[in-house]
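This report concerns only the one structure given below.
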Amino acid sequence: MIKNENRVPKKQWDKWTENARGIFNKAYDFLYYNQPLITHPKTKKIPSNQWKTIAWNAAWIAADACDDIIPTEIVMVG
1498 MIKNENRVPK
1508 KQWDKWTENA
1518 RGIFNKAYDF
1528 LYYNQPLITH
1538 PKTKKIPSNQ
1548 WKTIAWNAAW
1558 IAADACDDII
1568 PTEIVMVG
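Counting the sequence shown from 1 gives a position; this note's numbering is that position plus 1497.
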C-alpha cells in the first residue's frame, strides 16, 4: 500500500490506482527537490512556496496520466 506522504485530499487519493499514487509521490519529490533540472538555466530561482505548487500540479497531472484520466483541457476559474 502506497502511503499518502504529501496529504493529497482523500477523495482524489482514493480515485488513483496504487501505481498512480506511487507516481505522484515520486514525481512530487523529484520535482520539488530538483528545481534547477526542471527550469530554464536562465530562470531565477522560483520561491519555495510557488515551486511547491508547480511541483504538486505537475505530479498530479503525472498521476492522472498514469491512470489515463488526464483531461484534454483544464479550465481555470477565478
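Cβ atoms here follow ideal geometry from the backbone N, Cα and C, with glycine treated the same way. All of these numbers come straight from a predicted model, not from anything done at the bench.
- For residue 1516, the CB contacts under 8 Å within the same chain, skipping 5 residues up- and downstream, are 1563, 1564 in chain order.
- Per DSSP, residue 1541 is not a residue of any alpha helix (DSSP H), being assigned neither H nor E.
- In terms of Cβ geometry, residue 1548 and residue 1532 form a close pair [threshold 7 Å].
- The residue from 1568, 1557, 1572 with its alpha-carbon nearest to that of residue 1506 is 1557.
- Cβ atoms of residue 1560 and residue 1528 stay farther apart than 8 Å, at about 12 Å.
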